[in-house]
Structures are given as C-alpha cells and as structure tokens.
Amino acid sequence: MGSYVLAVRLTILGSGSRGNCAYLETDEVRLLIDAGFSGKQIKDRLASIGRTPETLHGILLTHEHSDHCAGLKVLSGKMGIPLYANRLTLDAVTSSLKTSFQGKVFQTGYAFDIGDVSVESFSIPHDAQDPVGFLLRTQSCNIAFLTDLGHATGLVLDRVRPAHALVLETNYDTQLLQSDTRRPWSIKQRIMSRHGHLSNEAAAKVASALVSDHLRHIYLAHLSKDCNEPKLAARVVEKALHEKNAHHIQLHSTDQATPCPTLILGPPSSESPGNPDTQCDATLALEEKPSLSAVSRVPEKGHPSETVLPDLPNEMAATEQEHASFFQSLKDELPFDEEEKPKR
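According to the numbering used here, the sequence shown is numbered sequentially starting from 412.
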C-alpha cells in the first residue's frame, strides 16, 4: 500500500511594502518565508490560523531589508528558530539587527532539504547584498516566491517554472508612482530600475511567460500602499493571462494588514502520480481550527550557533553564480548614492 501524501498549506500572513511573511506547512515541516513584521504581529497572525511560532522548523530569508526581517530578533534571536540565509544576507541582518542567530547558511543556487521540503534558491536583481527567490518542492506541489526584483531574466523564469503556486511581486502602478509627491525622483528611479521592484505591467509579463497547465495560483504580492491598488494589479495581470487563454490560473490578492485565506494544495492528480511538476489539485479554505497536530520543535538552549548546509546536486548552480556576479556588476553601475536607497 502506497504512503498517503498530505496536502500542503500556504498562508500569506501579510505582504506589502511595509512587511512580508508567509507560512508553509507540510506533513513534516512548518516554515516561514521572511519575517517582515514584529515578533508580536507574527505570533498574532500565526495564532489567527491556529499555529504558534514554537512549532516552526525554520525561517527562509530572501534578503535583509526591514520589511522582510523585522521579526527575526524575536523569532530567531530570542526563540532560537533556525534562520536559513546565504552568507552575505546573514552577515547583513546580523549587523543591522545587532543580534546573533541560529544561522543555517546555504549557498545561492544550490538545493538543500528541510524535512520533506527541498529548497532551491536563485539570485534575483535587487538592491540588497545577495537577494534570492525560492522554489520549494514538496511531494504534493511546488511553490515559488518571486518578489523584490527589478526585472526577471530568463534564468529566473526557468527557476520558478515548475511552480504550481507563485507568489509574485506587483509592487507599483507606473502612473501612480510617477505622480507620487512623497518620494524624490531619485527614489522613484531606483524603484523602477533593474534592481528595484516589478511594476504591474512587468509582473504581467512574468505571469504570461510562466503560463502552463500546472501553474494554478498566482498571489499578487508586495503592493505599495501609496503607489498601487489591488484592483489595478489584478486587472493588468488578469488581462495578460486572458490573452494566453490561461483561465485555469486563479489570482489572489494579498493584504498588508491581515492574513490571506489558506491555500490547500493537494497531491498530484491520479493521471500523473508522483510527479508534482505536472499537475496538482488545489482548493482554498480558511480553517478555523488546525487539522494537524502540532509538530514539536524545541529550540536548542544556549548560545546561537551557525551551520553551513551541505550542497545538494544542482545542474544550474554554476550558471547561478555567474548570474549573481552579473547582477552585482549592474548594481555597481547604478548612478545613486547609497543613502538614497529606498528602505523597502
């Protein structure tokens, strides 16, 4: 008798220019992707879906900007929840928060496992030390996180192409940003630069390029409070998907203030068992009570330690390092002073 694969649960606890955090749960593992709210806010948001930070197995960090790391001092520094980050990002957040973490260092471009989740990181172009996106592979489905990037290269698209669910940045509406009176022109230029953020139109092109039979859900994430609106973002991306006849893809808005309904992603369809790259069943549900018993994870006591994770075979890793170097060379050419960099 074959083993039963439980569904994967994804909850966007909050997303926007002032904070980003997502929760992923499998049969074996409970993870946060970024921790961009205060420790108390994250605890409260987890409680709203019947979960607690004490059961978390780790936090995956995309980069060191405050809207992605604000809760780390409490969750990882004090509570000892393992923090998974590449070397430059871990060093940056350790310095900025003046805190030592239970660090788990991965090399960008290589895969590593956390329980039954295979984590693949890849370089993205953004004004941070070594920013990454993630593709999380499980027995049931693949979920990609692609936010905080100025543009999407062919390699970036290739890395997220296996996803059944995609968390995609739609940061700003170009017209609203250009007419905004609160930001100096230098900041607007940087946001719109190749190391800034994706506009609605740029995100629509990404969504269109990723259309496939197995991609079923796209979250519109990291919206600017001042320079975008959920309806604007949805309209632009929906139009691009409609032009590709991608009527099977559902769009989901995210909110800065409250968690989204939990997305439950089931195992692959019976037509292609054991191959989550082809198809998976998915439904939306907002659970009032947790359906799984709490997974025990007791933080180790004592001083935080650091572990370098072993690299799993990845045929794209060498290309990934070249990609990261190219992004850095472009970043060095940006004509703005460091103090003008937006704190996003």
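Note that beta-carbon positions come from the ideal geometry of N, C-alpha and C, so glycine has one too.
What you are looking at is a predicted structure, and each value in this text was computed from that prediction instead of being measured.
Measure the Cβ-Cβ separation of residue i and residue j and say whether it is below 9 Å.
i	j	result
T673	L421	yes
R605	H562	yes
V419	T549	yes
H476	D541	no
R627	I660	yes
T581	A614	yes
T500	T473	yes
A645	S664	yes
L634	S426	yes
In chain order, what residues of the same chain lie with their CB nearer than 6 Å to the CB of residue i, ignoring the 5 residues before and after it?
i	result
F556	I444, G544, F545 and V578
E682	Because the pLDDT at E682 is just 44, under 50, the model does not fix this residue reliably, and the point stays unresolved.
T718	K515
R456	L424 and P670
S610	Y583 and T585
L587	C638
R462	none
V617	A563
S529	A522 and R548
Just confirm the distance between the C-beta atoms of residue i and residue j, as a whole number of angstroms; I'd bet it's less than 8 Å.
i	j	result
I460	P670	6 Å
D637	D527	Actually they are not in contact, since the Cβ atoms of D637 and D527 sit about 40 Å apart, beyond 8 Å.
H468	V440	5 Å
H575	C552	4 Å
F512	S532	Incorrect: roughly 17 Å between the Cβ atoms, too far for contact.
G488	T510	4 Å
A503	G447	Between G447 and A503 the Cβ distance is about 15 Å, and since that is not below 8 Å, they are no contact.
L494	I470	5 Å
Quick one: what does DSSP say residue i is sitting in, helix, strand or coil?
i	result
Q661	strand
G526	coil
H653	helix
R548	strand
I675	strand
K489	helix
S426	strand
L457	helix
A644	helix
L639	Rather than Leu, the amino acid found at residue 639 in this sequence is Asn. Three-state result, N639: coil.
L359	Residue 359 lies beyond the stretch modelled for the chain, which goes from 412 to 755, so this question has no answer here.
K509	coil
V419	strand
Looking only at its own chain, which residues have a Cβ that is under 8 Å from the Cβ of residue i, when we skip the five neighbours before and after it?
i	result
D591	K599, D637 and C638
Who are the near neighbours of residue i in its chain, counting only those whose CB is closer than 7 Å to its CB and skipping five residues on each side?
i	result
P710	Note that P710 has pLDDT 40, beneath the 50 cutoff, so the model's placement of it is unreliable and no number is given.
D478	S428, R429, G430, N431, G447 and R755
Is residue i near the ligand GDP, in the sense that its beta carbon is under 8 Å from a heavy atom of that ligand?
i	result
L435	Here there are no bound small molecules, and the ligand GDP is not part of this structure.
- request: Count the CB pairs spanning the region 451-470 and the region 424-431 that are closer than 8 Å, and state whether there are at least three.
  value: yes
query: Are the region 564-581 and the region 616-633 touching by the rule of at least three beta carbon pairs closer than 8 Å?
result: A contact is defined here as three or more CB-CB pairs under 8 Å, and the region 564-581 meets this definition with respect to the region 616-633.
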